[in-house]
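Chemist:
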Amino acid sequence: MSKRKENRKNLKSSLLVLLLIAILLIASTYAWFTANRTVSIDTLEVNVQASNGLQISTNAVDWKAVITNADITGGAYAGNTNRVPTSMEPVSTDGSVTDGNMNMFYGTMAPDEDQGGIYALTAKKETDSTTNRYIVFDIFLKADEAMDLTLTANSNVSAVGTSKGLENAARVALINEGTLPETTGTSTVTAQVGGTSFSEGNRKTVIWEPNAGSHTQEAISNNPYTNLRGSITDGGAPVKYYGIKTEITSPIDRATINDGTDSTHFAEMKGAGLTTTNKGTDDGITPVENFFHIDEGITKVRIYMWVEGQDVDCDNSASGTDIAFNIELNAPEN
1 MSKRKENRKN
11 LKSSLLVLLL
21 IAILLIASTY
31 AWFTANRTVS
41 IDTLEVNVQA
51 SNGLQISTNA
61 VDWKAVITNA
71 DITGGAYAGN
81 TNRVPTSMEP
91 VSTDGSVTDG
101 NMNMFYGTMA
111 PDEDQGGIYA
121 LTAKKETDST
131 TNRYIVFDIF
141 LKADEAMDLT
151 LTANSNVSAV
161 GTSKGLENAA
171 RVALINEGTL
181 PETTGTSTVT
191 AQVGGTSFSE
201 GNRKTVIWEP
211 NAGSHTQEAI
221 SNNPYTNLRG
231 SITDGGAPVK
241 YYGIKTEITS
251 PIDRATINDG
261 TDSTHFAEMK
271 GAGLTTTNKG
281 TDDGITPVEN
291 FFHIDEGITK
301 VRIYMWVEGQ
311 DVDCDNSASG
321 TDIAFNIELN
331 APEN
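So the sequence shown is residues 1 to 334, counted in my numbering.
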């Protein structure tokens, strides 16, 4: 065994990735169901740390133990599509990936005259390179052997100040775009787009719902889904929801967008049974072992952070909330 691997074995923690993001949702924000809304970012701090022979980069050239928001926005590789917007809006996804990008859809809820004035949903596909509605950026991890990363107990998405429950609709996704030997040319490493679609048991594309069991009374009482009323409780089982998987051009009654009857436009994203078998979507209990997998070499990882519009907690009453994302990934000792 090499000295480097012996050193890794002797340390309890070989990888630490910590993302700290504070997002201010201004009072003029509205939720998915009834109007367009804008989410302003007041502050954004991203700190990524690694240890014990593992290194992190935003351009696959300058390897560090710690990278910051400045590295992501100003030190990324040429041709990157990193987006750290000054405003955000709720979006939705079924976790499918096309050409390395997770398919994200921006929904608009408005009265539809053809259906008697009921609130109905339409949706258009977003483009990572131009969006201002969610956070997305790439990092690169250099590892001397394959490893399964654990989502530690320090990971959470929480309110900063008074909570109105919007943190309960937050999501984080990580996509493993591929791994190449350390001797590979930089342009080849950064060009990787080999991410696969989210699915049960796929630890190379994961979606984390940190507060799946938490709900405000307003979200419980106000949600428009008749099939869910009476079954949602704060601290109870994770609530099943249906992410958007394709554009919606003909308005769909909001009362039916989360009942599972439309498999053309929506896909089921979670249920209580997935918390033990799907390491990408959890019920908020950490640590989650074997959360994310990387191989030996340089791995490109695409990270998404967003507010899920299809979540019952994306409710009008949740406006005016500061939320912080804290993501810590750890590779335990062998």
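A virtual CB, placed ideally from N, CA and C, is assigned to each residue, including glycine.
Considering only residues of the same chain and omitting the five flanking positions on each side of A219, which have a CB-CB separation below 8 Å?
Modeler: Here residue 219 refers to the residue found at position 219 of the sequence shown. Cβ within range, chain order: G165, N168, I232, V312, D313, D315, S317 and A318.
Chemist: Use the C-beta contact count for A331: other C-beta atoms within 10 angstroms, 16 or more gives buried, fewer gives exposed.
Modeler: Along the sequence shown, read from residue 1 onward, the residue named residue 331 stands at position 331. Buried, because 16 or more other Cβ atoms sit within 10 Å of the Cβ of A331.
Chemist: What is the DSSP secondary structure of V97, reduced to helix, strand or coil?
Modeler: Here residue 97 is taken as the residue at index 97 of the sequence shown, counted from 1. V97: strand per DSSP, three-state reduction.
Chemist: My parser needs the beta strand (DSSP E) runs of 3 or more residues fully inside the stretch 157–237; what are they?
Modeler: Within the stretch 157–237, the complete beta strand (DSSP E) runs of at least 3 residues are 170–180 and 205–208.
Chemist: Can you give the Cα-Cα distance for E268 and D114, rounded to whole angstroms?
Modeler: For the purposes of this step, residue 268 is identified with residue 268 of the sequence shown, where counting begins at 1. For the purposes of this step, residue 114 is identified with residue 114 of the sequence shown, where counting begins at 1. Near 28 Å, if we compare the C-alpha coordinates of D114 and E268.
Chemist: Taking Cβ to Cβ, would you say S92 is nearer than 8 Å to I244?
Modeler: As a working mapping, residue 92 is identified with position 92 in the sequence shown. As a working mapping, residue 244 is identified with position 244 in the sequence shown. Their beta carbons are under 8 Å apart, which means S92 touches I244 by this criterion.
Chemist: In whole angstroms, what is the alpha-carbon distance linking T368 and V136?
Modeler: Limits of the chain in this structure are 1 at one end and 334 at the other, which puts residue 368 out of reach.
Chemist: Grab me the residues of N154's own chain with a C-beta within less than 6 Å of its C-beta, minus the 5 sequence neighbours each way, in chain order.
Modeler: The residue you call residue 154 lines up with position 154 of the sequence shown. Here the set comprises E328.
Chemist: Does DSSP put T249 in a helix, in a strand, or in coil?
Modeler: Along the sequence shown, one-based indexing puts residue 249 at 249. Of the three classes helix, strand and coil, the one that applies to T249 here is strand, per DSSP.
Chemist: Between the C-alpha atoms of A35 and F105, what's the straight-line distance to the nearest angstrom?
Modeler: Here the question's residue 35 lines up with position 35 in the sequence shown. Here the question's residue 105 lines up with position 105 in the sequence shown. Its pLDDT being 45, under 50, A35 is placed unreliably in this model, and the value from its coordinates should be taken loosely. Approximately 16 Å between the Cα atoms of the pair.
Chemist: Taking all protein chains shown into account, do 16 or more other C-beta atoms lie within 10 angstroms of the C-beta of D62, making it buried, or fewer, making it exposed?
Modeler: Looking up residue 62 in the sequence shown gives position 62. The residue is exposed, with fewer than 16 neighbouring Cβ atoms inside 10 Å.
Chemist: Assuming contact is defined by CB atoms lying nearer than 8 Å, are R254 and Y119 in contact in what I supplied?
Modeler: As a position in the sequence shown, residue 254 is number 254, starting the count at 1. As a position in the sequence shown, residue 119 is number 119, starting the count at 1. Cβ distance < 8 Å, so R254 and Y119 count as in contact.
Chemist: The beta strand (DSSP E) with G74 in it runs from where to where?
Modeler: Position 74 of the sequence shown holds residue 74. Where G74 is concerned, there is no enclosing beta strand (DSSP E), although the alpha helix (DSSP H) it sits in stretches over N69 to G74.
Chemist: Taking all protein chains shown into account, do 16 or more other C-beta atoms lie within 10 angstroms of the C-beta of V157, making it buried, or fewer, making it exposed?
Modeler: As a working note, residue 157 is residue 157 in the sequence shown. The residue is buried, with at least 16 neighbouring Cβ atoms inside 10 Å.
Chemist: When the Cα of G100 is compared with those of T186, P210, I257 and T196, which residue comes out closest?
Modeler: Translated into positions along the sequence shown, residue 100 becomes position 100. It is T196.
Chemist: Going by beta-carbon coordinates alone, are D138 and N290 separated by less than 8 Å?
Modeler: Translated into the one-based positions of the sequence shown, residue 138 becomes position 138. Translated into the one-based positions of the sequence shown, residue 290 becomes position 290. Going by C-beta atoms, D138 is not nearer than 8 Å to N290.
Chemist: Could you pull out every residue in the same chain whose Cβ sits closer than 8 Å to the Cβ of A189, ignoring the five residues on either side in sequence?
Modeler: Here the question's residue 189 lines up with position 189 in the sequence shown. In the sequence under discussion, the amino acid at residue 189 is Val, which differs from the Ala named in the question. Within the same chain, V189 has close Cβ partners A60, F140, L180, I298 and K300.
Chemist: Since H265 is in the beta strand (DSSP E), which residue starts that stretch and which ends it?
Modeler: Start at 1 with the first residue of the sequence shown, and residue 265 comes out as number 265. That residue, H265, is in no beta strand (DSSP E); it is neither H nor E in DSSP.
Chemist: CB T152 to CB P287, shorter than 8 Å?
Modeler: Translated into the one-based positions of the sequence shown, residue 152 becomes position 152. Translated into the one-based positions of the sequence shown, residue 287 becomes position 287. In contact: T152 and P287 (Cβ atoms closer than 8 Å).
Chemist: Which partner residues does F292 have in the DSSP bridge list?
Modeler: For the purposes of this step, residue 292 is taken as the residue at position 292 of the sequence shown. For F292, which the question treats as bridged, DSSP gives the partners L149.
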